[in-house]
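See below for the structure under consideration.
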Amino acid sequence: MDEIDRPFWAFDLKQDYRHVEDILVLPWTEFRFNPLKPPENVPPRRWAQVFAEVFGHATALLSGSKNYLMKKIIELYRLYNLFNRNSPPFPSLHELELLVKKDGINFVRKQADYRDTLLNRLESMNLVAGTVFDCSQGYSVEELLQEDVVFEFDGLSRDVQNFLMEILFAYVYEYRLAQNQRGEGLNHVFFLDEGKRIFSVYKERQDASGIPEIDELTAKMREFGEGLVVADQEASKLTDSIKANTYTKVLLPTAGRKQFQAMTEAMNLSERQAEFAQELDTGEAIIQVGSRGPVPVKLTNYQLEKEVTDRKLEKRQRNRWEQLSYEPRKTTQSFDDKIAPGRSEEVPDREIPEDPTEVDLSNEADRLLKDVIENPFKPLTDRYQEFSSSYKGNKAKNKLVDQGVVIERKVKNSENRKLLQLTEKGRDHVEQNTDLDPEHEGRGGIVHRYWQQFIRDAFEEAGWHAFLEKFDADVYVNMGNTELAVEVAMGDNPREIKHVEKHLEKDFIVWIASRNKEIQEGLKQRMQEQGLNPDQVVFRLLREFLNR
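Residue numbers (my numbering): 4 to 551.
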C-alpha cells in the first residue's frame with residue numbers, strides 16, 4: 004500500500020474531483036502560475052525552447068511561428084537579464100505579448116504572418132486566462148508537488164486548458180531532470196481525463212509541426228518517478244506514443260467498434276480475448292500489466308456524492324488558498340525602456356485580435372449568438388433551456404467559441420454564472436451579416452459590465468437614481484444632496500487612480516468595488532504613491548453587493 008501512497012495532481016475539466024476530501028482544489032480563478040519562469044536550476048535558454056514547443060503544440064502553431072516565439076522569449080529574457088542571473092523578477096506572458104506587439108511590422112510577408120499568428124494566440128490566452136498569468140512568480144511548484152492537488156480548468160477555453168496541462172507536465176519533468184531525481188521509484192502521479200486533449204493523434208501526425216514535445220516527455224517521465232494515468236472514451240484519438248509507453252492498460256466496457264478495436268490492438272489481444280472483452284459489463288474490466296497476459300477483474304463501485312458548490316468549495320479551501328504565495332508582476336528598466344509607455348495595465352480592456360478565417364455557423368449557433376447579443380448577462384445554463392437539450396445548446400456554444408465569435412467568462416457571484424462575451428471578430432460578423440446591434444451599455448469586458456449593471460440595479464432598488472458611464476464613472480448615483488461615483492476594479496490598474504482623482508476633484512463620494520482584498524491593497528498603495536489619501540475613498544468587495 005505504501006508504494007501507491009504518493010501525492011498526485013489531477014487536471015479536472017468538469018469539477019469532478021472537488022467532492023473528494025482532504026485535497027487542495029485550485030480553480031483557475033485562484034491559480035497563479037508564470038510559465039515563463041524556468042524551473043529551479045533549468046537554464047533560461049533551455050526553458051525557452053521547451054516553452055515554445057509546448058505553447059506551439061497547445062495552440063496549433065507551425066514551426067515558423069514557434070521559432071519566432073522562441074526568439075522573442077530569448078529577447079525578453081535578455082531584457083530581464085536572466086542569462087546572468089536566475090532570480091525575480093521574471094517576465095510574464097503579458098510582457099511577452101507587449102514585446103511581440105511592439106515588434107515592427109516591416110517584415111517580409113512570412114515573418115509578418117508569424118508575428119500576427121503568435122500575437123493572436125497570446126492576446127487570446129491572456130484575455131481568457133484572467134489573473135492566472137498575472138504574476139512574476141506563481142505558486143511554488145516544488146511545494147505543490149508534495150500535496151494532492153486538483154487543478155480545475157472548467158470555464159477556460161480549450162487552448163488555455165491544453166496549454167496549462169501541457170506546460171505543468173513539462174515543468175515537472177524539467178524540474179525533476181534538473182534535480183537529477185532518477186531511479187527513486189514512484190514519487191508523484193498525474194491524472195488526466197479526456198486524454199485526447201493532450202495526447203491527440205491528429206497533432207502527432209501533423210508533419211509540419213514536428214513530433215509534439217508532450218510525446219517526447221511521455222517516454223521519459225517514468226525514469227524520474229512520475230506516474231501518468233490517462234483516460235479517454237475514444238482510444239482511437241489517443242497518440243500512438245501514449246499507448247505504446249503505457250505500462251498498464253485497462254479496458255472498460257466500450258461503445259463503438261472503432262474505439263474497442265483501438266484498445267484491443269494496443270493490448271495485443273487475441274481474437275478469443277477480444278470476444279471475451281466485448282461482453283464486459285458495468286464494473287468489469289480487462290487489465291494488462293507490461294508484457295503479461297490480460298486479466299479480467301471486477302471493480303469496486305466507489306460512491307461519491309457530488310454536492311460541493313462553488314460557495315462550499317471556497318469556504319472549505321479559502322484558508323489553504325491564502326497560504327499560497329506569489330510575486331506580483333514586475334519589470335526591469337531595460338524592458339520599460341523598450342516598451343514604455345505601452346504598459347498593459349495602462350491600456351483599455353482588449354478584445355481578441357481579428358481572425359482571418361471566415362465565420363461558418365449552424366442554425367443553432369446563430370440562434371445562440373442572437374441570444375448573446377439580446378441578453379448579454381444571461382447565464383449559460385439558462386441559454387441551454389432554449390434548446391431541445393443541453394447537449395445541443397452546448398454544441399452551439401462550442402461552435403461559437405471554436406469559430407472565435409465568443410469567449411467564455413465566469414462571474415463569481417451567488418450562482419457562479421458563465422457568460423458569453425462577443426469578440427471583435429464576432430462583432431464584425433454581426434454587423435456585416437445580421438440586423439442585430441452588437442453595441443452594449445458599459446465598458447470593458449463582459450464581467451466588468453455585469454458588475455456595473457448589478458451595482459446600478461442595487462442602488463436603484465434602494466430608491467436612488469443610478470446611471471452607467473455618467474460623469475465618466477462606472478456607476479454614478481444621485482442621492483439628492485450628495486453624488487456618488489462607483490468604480491468597478493477588476494484589477495490593480497493605474498487608470499483606476501486617475502478616475503478616482505477626477506471624481507474627488509468634483510467633490511463626489513467615491514467607492515471602489517473590487518474582486519478581492521489584494522486588489523484593494525494594491526490600489527491603496529497606488530493612491531499613496533500619487534499623494535492621495537486612501538481614507539478619502541470607500542473600498543468595497545463586489546461580493547458585498549450580493550446581499551442587497
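Just so you know, even glycine gets a beta-carbon here, dropped at the ideal spot from N, CA and C.
Helix, strand or coil for residue i? Go by DSSP, reduced to three states.
i: aspartate 5; result: With a pLDDT of 43 at aspartate 5, under the threshold of 50, the predicted position of this residue should be treated as unreliable, though the coordinate-derived value follows. Three-state result, aspartate 5: helix.
i: glutamine 182; result: coil
i: histidine 60; result: helix
i: arginine 543; result: strand
i: glutamate 442; result: coil
i: leucine 241; result: strand
i: isoleucine 201; result: coil
i: glutamate 268; result: helix
i: glycine 483; result: coil
i: proline 382; result: coil
i: threonine 120; result: helix
i: valine 163; result: helix
i: glycine 396; result: helix
i: phenylalanine 136; result: coil
i: tryptophan 467; result: coil
i: isoleucine 422; result: Checking the sequence shown, residue 422 turns out to be leucine, not isoleucine. Leucine 422 falls in the strand class under three-state DSSP.
i: phenylalanine 457; result: helix
i: leucine 327; result: coil
i: phenylalanine 11; result: strand
i: glutamine 236; result: coil
i: glycine 67; result: helix
i: alanine 277; result: helix
Measure the CB-CB distance between residue i and residue j and report whether it falls below 8 Å.
i: methionine 224; j: lysine 252; result: no
i: lysine 240; j: valine 298; result: no
i: asparagine 378; j: tyrosine 387; result: no
i: arginine 9; j: histidine 191; result: yes
i: phenylalanine 227; j: tyrosine 174; result: no
i: alanine 238; j: glutamine 276; result: no
i: phenylalanine 136; j: asparagine 37; result: yes
i: valine 300; j: isoleucine 170; result: no
i: leucine 189; j: glycine 230; result: yes
i: lysine 428; j: asparagine 419; result: no
i: lysine 75; j: leucine 102; result: yes
i: lysine 341; j: leucine 64; result: no
i: valine 144; j: alanine 13; result: no
i: leucine 99; j: leucine 130; result: no
i: tyrosine 71; j: tyrosine 117; result: yes
i: glutamate 155; j: aspartate 284; result: no
i: lysine 69; j: alanine 55; result: yes
i: leucine 302; j: histidine 22; result: no
i: tyrosine 80; j: proline 46; result: no
I need the straight-line Cα distance from residue i to residue j, nearest angstrom please.
i: valine 491; j: leucine 422; result: 18 Å
i: arginine 319; j: threonine 312; result: 11 Å
i: tryptophan 31; j: asparagine 536; result: 34 Å
i: glutamate 278; j: leucine 254; result: 13 Å
i: tryptophan 467; j: asparagine 481; result: 7 Å
i: lysine 17; j: glutamate 268; result: 30 Å
i: valine 233; j: glycine 198; result: 6 Å
i: phenylalanine 511; j: tyrosine 479; result: 9 Å
i: tryptophan 454; j: proline 41; result: 37 Å
i: leucine 403; j: aspartate 119; result: 22 Å
i: lysine 104; j: alanine 115; result: 11 Å
i: leucine 180; j: glutamine 291; result: 29 Å
i: glycine 286; j: arginine 49; result: 46 Å
i: proline 94; j: glycine 259; result: 47 Å
i: phenylalanine 34; j: leucine 327; result: 9 Å
Rank the options by C-alpha distance to the C-alpha of residue i and give the top, closest one.
i: serine 294; options: Val478, Tyr142, Thr249; result: Thr249
i: proline 497; options: His451, Leu255, Met530, Gln18; result: Met530
i: threonine 257; options: Val414, Glu486, Glu282, Lys246; result: Glu282
i: leucine 147; options: Ile26, Gly429, Gln336, Leu65; result: Ile26
i: tyrosine 329; options: Ala51, Pro47, Leu16, Glu521; result: Glu521
i: glutamate 524; options: Tyr453, Ile512, Asp538; result: Asp538
i: alanine 368; options: Gln424, Ser68, Asn401; result: Asn401
i: asparagine 44; options: Glu24, Lys69, Leu85; result: Leu85
i: glutamate 317; options: Phe11, Leu29, Phe166, Tyr394; result: Leu29
i: arginine 459; options: Thr437, Leu487, Asp438; result: Leu487
i: glycine 141; options: Leu545, Asp431, Pro331; result: Pro331
i: leucine 549; options: Glu464, Arg260, Gly67; result: Glu464
i: asparagine 436; options: Asp339, Arg35, Asp363, Leu545; result: Asp363
i: asparagine 416; options: Glu361, Leu96, Pro382, Ser337; result: Pro382
i: valine 163; options: Asp405, Phe542, Glu532, Gly534; result: Asp405
i: lysine 509; options: Thr485, Gln528, Lys309; result: Thr485
Decide yes or no for the touch test of the segment 462-481 against the segment 428-443: beta carbon pairs closer than 8 Å, at least 3 of them. no
Is the number of C-beta pairs between the segment 368-378 and the segment 399-416 that are closer than 8 Å three or more? yes
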